[in-house]
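All the letters of the sequence shown, read from the start, carry residue numbers 11 to 1090 under the numbering used here. Here a beta-carbon is modelled for each residue, glycine too, at the ideal position from N, C-alpha and C. Reading through the structure tokens given below for one structure.
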Amino acid sequence: MAVTGLGSAGMASMLADCPSNRLSSFRFRFSSPSYAVGHLHSFSPYCRMRTRKSSRKVSQKRTTVGLDRRSVNNAKRLGKKNIELPSASTNETTDEPELVALNGSAELSTGPNVTKKSNMEEREDMRSLAKNEIELPSALPNEIANDTELVALNCSAEPFTGAIVPAQSIIAESTDTQSLKMQDNDSQGGHSGVRIEDLMTMIKDAEKNILLLNKARISSLEELDQARAEKDSLQGEINLLKCRLAETDARLKQATQEKIKNEFLEGELERLKREIAERESIWKGTQDLKVHNKDFQERSAVLKSHISNSSATAHELDEIKAEKKLLKEEVNVLKSKLSNMETNNQHVAELEKESLSVKHANKQLESRLAIAEAKTSELANVKAECQVLRRRVEDLQAELKNSVKSRLLQDDVVATRKALEEKICRLEEALHQSELDKDLLEHTLEENSLLREQVKILEQRLNESDNDIRSQLKIYQQEVETFQRSLELLKKKSKRQSLDEPVQELPWEFWSNLLLSLDGWMLEKKITIEDAKILREMAWRRSSQLKDVYVQCQNKNENDVIASLMKLTRTSTRPGLHVVHIAAEMAPIAKVGGLGDVVAGLGKALQKKGHLVEIILPKYDCMDYSRIGKLKVLDVQIDSYFDGRLFKNKIWSGTVEGLPVYFIEPHHPAKFFWRGQIYGEGDDFRRFTFFCRAALEFILQSGKKPEIIHCHDWQTAFVAPLYWDIYAPQGLNSARIAFTCHNFEYQGTESAAALAACGLDVQQLNRPDRMQDNFKHDRINAVKGGIVFSNIVTTVSPTYAEEVRGSEGGKGLQSTLAAHSKKFIGILNGIDTEAWDPSTDPLLDFQYSADDLSGKAQSKAALQKILGLAAPHARIPLVGCITRLVPQKGVHLIRHAIYQTLKCGGQFVLLGSSPVPHIQREFEGIANQFCEHPSIRLVLKYDEGLSHHIFAASDLFIIPSIFEPCGLTQMIAMRYGSIPIVRRTGGLNDSVFDVDDETIPLQIRNGFTFTKADEQGINNALERSFTYYKQKPNWWIDLVKKTMNMDFSWDSSAAQYEELYEKAVARAKSQQVRIPIATR
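Below, the structure written as structure tokens:
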């Protein structure tokens, strides 16, 4: 195993502190020739002692020179700070891990009384150690199967670069060493040579020259930074002017668009008017056509009557034809001749000849026919009748021609009528369309009028907003004047105070913003890390001098502010600790459960005690950004390792309730924290391993040196192994790791291979004594890793800490907790008593306090009215319950409590919902059953405002949890004067004490408890509470006042955390640099 960066005296210290049973097994190995050449520079004395044991004098002389020179160089390079890494040894006497001492200084520290060995003593130590082979311990958390290098941890303020010594420097040193040896031998023989003191004088002169060059370089860099700051300031003003110009252009563009829109609407209105006029003319023409149509219909009726008459004439004509046929039969010969005359002209001529001959014959026979005059007269009559018939036939033929013409005319009339009907249909359709268009036009006119009214309203609002802006501007100017007057008063007051006296009257937001500005300037390379550290220490002490300078520079540009603050840089002593919380939640901006309340409440309590507290969160898209003050993005990007490559991360800063908070926004294609929710994604393991690596990378690159890094639950438990395996060797080694598990139900198990994505060594960590899950050996357990690799392990209540040591509560981690029991403790959480205060709660209609409870009765009456409950005159208790309806919360006992409260004559109000479908359906059925009941009401959702009203209105508050790590509901209920009824488990057992338990001091009895999770236990507690409420009203009022005055704030809890922090930091400072050894 290769060893890098240890001086000779440091090596002596390491060997002196090693146990005797390990000393004999030490030996040096190098992983590669090139690496060995670079690092043999620091161990050349030992190598020479092993290869030249035959020539003891020469080896002793060379070792002495090497020790003197390299001890000085290594002390300058490594510094004199010591760090400590945790272990999990089961046979240690303290809660610290088993460690191997590695001292990087030229002095040997063996305890509180530190003495410096002389050169002669060091040479004697080296001669005694040269006889032994050296081997480094093999049970390191970061060891792998093949040989790796063990890099000595750099404890100086500057990060360790790990540079390899070039071969030229080794050759030069070797030549220099040989020259010194020869000169020393000459001096022993009586010859004069160069003395070591002269060489040391030359080295000191060279160091002075280097210091002068460094000062000149620093001054030039400061001038360059000043020029850059001026450039940035001008660029900021240019950007501001560009933004204003863009806003003006946008307003002009909007006004132009509105004008064009109005002109277009007016044109459309004119067009619609013309169309309406045209359609009105069409409508008039349609009316005329309707009149003509009526005339046509009348004429058609007349024609129909004529047609019917013509039909009767045709019938008569048929009868005449029949008679004609009969006549033709009688005069067949004449008829045939007549027909022949009509068909053939020749026949007609012959008939005429025959007719003449007949006439001639008739004349001749007239005499002969005289006798038959009767017959002749009859023949004459027949001829007359024939002529009449001919005339009648001619008339009938004329009438027939007329009837044919009338039929043809009738067909024309029918066709014309059909055409007219089609035209009338088209006109009716056009009329209907015109009516629709008319309605549309009317609607358009109405919309146009509405738009005009809206334009007028918008103009009025614009004028009002302008007036408001002017008024706000006036108010702002007045506030500026007030601020200036206050500033003058502060200046006068500050002159009367000591420069180092802490400033108490300014809010923590002021100091948090100042600290965020300092970190931003340091990350943007506008101030050095040393200057930022000095100014941060002054801010931690709330220096009045720093406050005065910063306030005076409020109206100046950034460059002037930095220049003014640089004048204050001086050595200072910080009274508090630097604590960094890395968490997945923080109330009120990103809260799912109690974790968010703990991070915010504990952070504010530690801040009030004078410690610097910073929070690092993922930048979720679903956060409540309205609760973040002065949110801004820093002009820096952090590269973090994941999946074998580097990903950029954008860093945001802001304040949340006075605490400085950094938000990490990954530039990863999976968009880890842009999911619309905090938890519940299929890749939560990858999301939060990425976040833990990026958070530590940000701390390293920002130059922060926190004493405590506090991580919470499995989502950030990866911080502990990442810190010791990857970042402590890189120089981020000033911190002790604290880990808090808020609920051992959720342990973050995953396939062991998934751990490699963030750069951790799966082979080394997937072991029973490290991160391997105790049930499934092919999976790793994040909570187990947090326990093993942390210096401090806590949970959220003392009783819960005892419960998780057993098999039922530990969920498989009981053996791990037993192995690390000395660093495991339970601390009861607190509540934010400023946010939960019935005397100032803005969500309550009636505020009250322990001294005046009238507002609580009014709140009860108001809630009964809101929920539709009866408000009886008799004294009836109201039982409240606010919870998630999950098995952990004892849903079967809550259901039984509803009916038992009704049986005992009380009222019950439930607020909450269930993510379990069948439980939600069950309580929906109960809610429907009691929807009209005067004493029971179930609201199956979460309503923040209603929850405050229920806390204030309830006389009793029931929490029958099966297990409860801590629980904040019972503390809030007592803060609002609602007496809790709880099952004795977890944090409920540590905060609620039964009024009938004589083993408990009377002054802390504050509720009703039961042990077994059954109906009999909750029945007994409810009946006792109802009896006290109804029969002892004065005693009940005293109990309410007592519980309201109890202290459930974070002060006492923060004091316990503060004590743990300080002990861990003190042990780290009192012990030497250590490397953690994990327990097998």
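Relative to the alpha-carbon of residue 604, which residue among 723, 1047 and 702 has its alpha-carbon at the smallest distance? 723
Quick check for students: name the residue ranges of the beta strand (DSSP E) that lie wholly in the segment 718 to 747, counting only runs of 3 or more. 718 to 722
List the DSSP bridge partners of residue 673. 627 and 662
Whole alpha helix (DSSP H) runs in the segment 877 to 924 with 4 or more residues, listed along the chain? 901 to 914
Per-residue burial, residue 491 [other beta carbons within 10 Å of its own, 16 or more giving buried]: Flag for residue 491 reads exposed.
Are three or more beta carbon pairs between the segment 741 to 754 and the segment 709 to 718 nearer than 8 Å? yes
Strictly by DSSP, which residues pair up with residue 600? Residue 600 pairs with 596.
Whole runs of the alpha helix (DSSP H) within the segment 975 to 1004, excluding any shorter than 4 residues: 979 to 985 and 996 to 1001
State buried or exposed for residue 4, treating a residue as buried only when at least 16 other CB atoms are found within 10 Å of its CB. Not covered by the structure: residue 4. The range shown for the chain is 11 to 1090.
Indicate whether the contact test is met: 3 or more Cβ pairs, each with one atom in the segment 926 to 938 and one in the segment 979 to 995, closer than 8 Å. Under the three-pair Cβ rule at 8 Å, the segment 926 to 938 does not count as touching the segment 979 to 995.
Backbone CA spacing between residue 1065 and residue 653 [nearest angstrom]: 41 Å
Are there 16 or more other CB atoms within 10 angstroms of the CB of residue 869, so buried, or fewer, so exposed? buried
Alpha carbon to alpha carbon, how far is residue 272 from residue 614? Give it in angstroms, no decimals. 57 Å
Using a 10 Å radius around the Cβ and a threshold of 16 neighbouring Cβ atoms, would you call residue 596 buried or exposed? With 16 or more other Cβ atoms inside 10 Å of its own Cβ, residue 596 counts as buried.
Would you decide whether residue 621 is buried or exposed? Buried here means 16 or more other CB atoms lie within 10 Å of its CB. Residue burial is scored here from C-beta neighbours: residue 621 has at least 16 other C-beta atoms within 10 angstroms and is therefore classed as buried.
Exposed or buried, which one is residue 725 when buried takes at least 16 other CB atoms within 10 Å? buried
Taking the alpha-carbon of residue 690 as reference, which of 626, 643, 765 and 594 has the nearest alpha-carbon? 594
Alpha carbon to alpha carbon, how far is residue 239 from residue 729? 36 Å
How big is the Cα-Cα spacing for residue 925 and residue 830? 35 Å
Out of 791, 242 and 218, state which residue places its alpha-carbon closest to the alpha-carbon of residue 572. 242
Please return the same chain residues whose Cβ sits closer than 6 Å to the Cβ of residue 105, not counting the five positions on each side in sequence. Low confidence applies here, because residue 105 scores a pLDDT of 40, under 50, leaving its location unreliable; read the following figure in that light. So the qualifying residues of the chain are 832 and 833.
Measure the CB-CB distance between residue 718 and residue 798 and report whether it falls below 7 Å. Taking a C-beta distance under 7 Å as the contact criterion, residue 718 and residue 798 do not qualify as a contact pair.
Since residue 760 is in the beta strand (DSSP E), which residue starts that stretch and which ends it? 759 to 761
Determine which residues share a DSSP beta bridge with residue 946 and list them. 918
Here's the rule I'm using: 16 or more other beta-carbon atoms within 10 Å means buried, otherwise exposed. How should residue 1070 be labelled? Its Cβ being crowded by 16 or more others within 10 Å, residue 1070 is buried.
Endpoints, beta strand (DSSP E) assigned at residue 642: 639 to 652
Counting Cβ pairs closer than 8 Å, one from the segment 810 to 818 and one from the segment 1021 to 1040, do we hit at least three? no
Among 601, 686, 660 and 451, which one has its Cα closest to the Cα of residue 631? 686
Is it the case that the Cβ atoms of residue 784 and residue 762 are separated by a distance below 7 Å? no
For residue 986, which residues in the same chain have their Cβ closer than 7 Å to its Cβ, ignoring the five residues on either side in sequence? 848, 961 and 962
CA-to-CA distance, residue 236 to residue 245, given in whole angstroms: Rounded to whole angstroms, residue 245 to residue 236 spans 14 Å at the Cα level.
For residue 976, which option in 991, 953 and 1000 has the closest C-alpha, if you only look at C-alpha atoms? 1000
Within the same chain, show all residues whose beta-carbon is closer than 8 Å to that of residue 279, passing over the 5 residues directly before and after it, in chain order. 454, 455 and 458
Consult DSSP for residue 472 and reduce its assignment to one of helix, strand or coil. helix
Let me check you understand the geometry: is the CB of residue 970 closer than 6 Å to at least one non-hydrogen atom of the ligand FMN? As far as ligands go, the structure on display features none, and thus does not contain the ligand FMN.
Can you say whether residue 566 is buried or exposed, counting buried as having 16 or more other CB atoms within 10 angstroms of its CB? exposed
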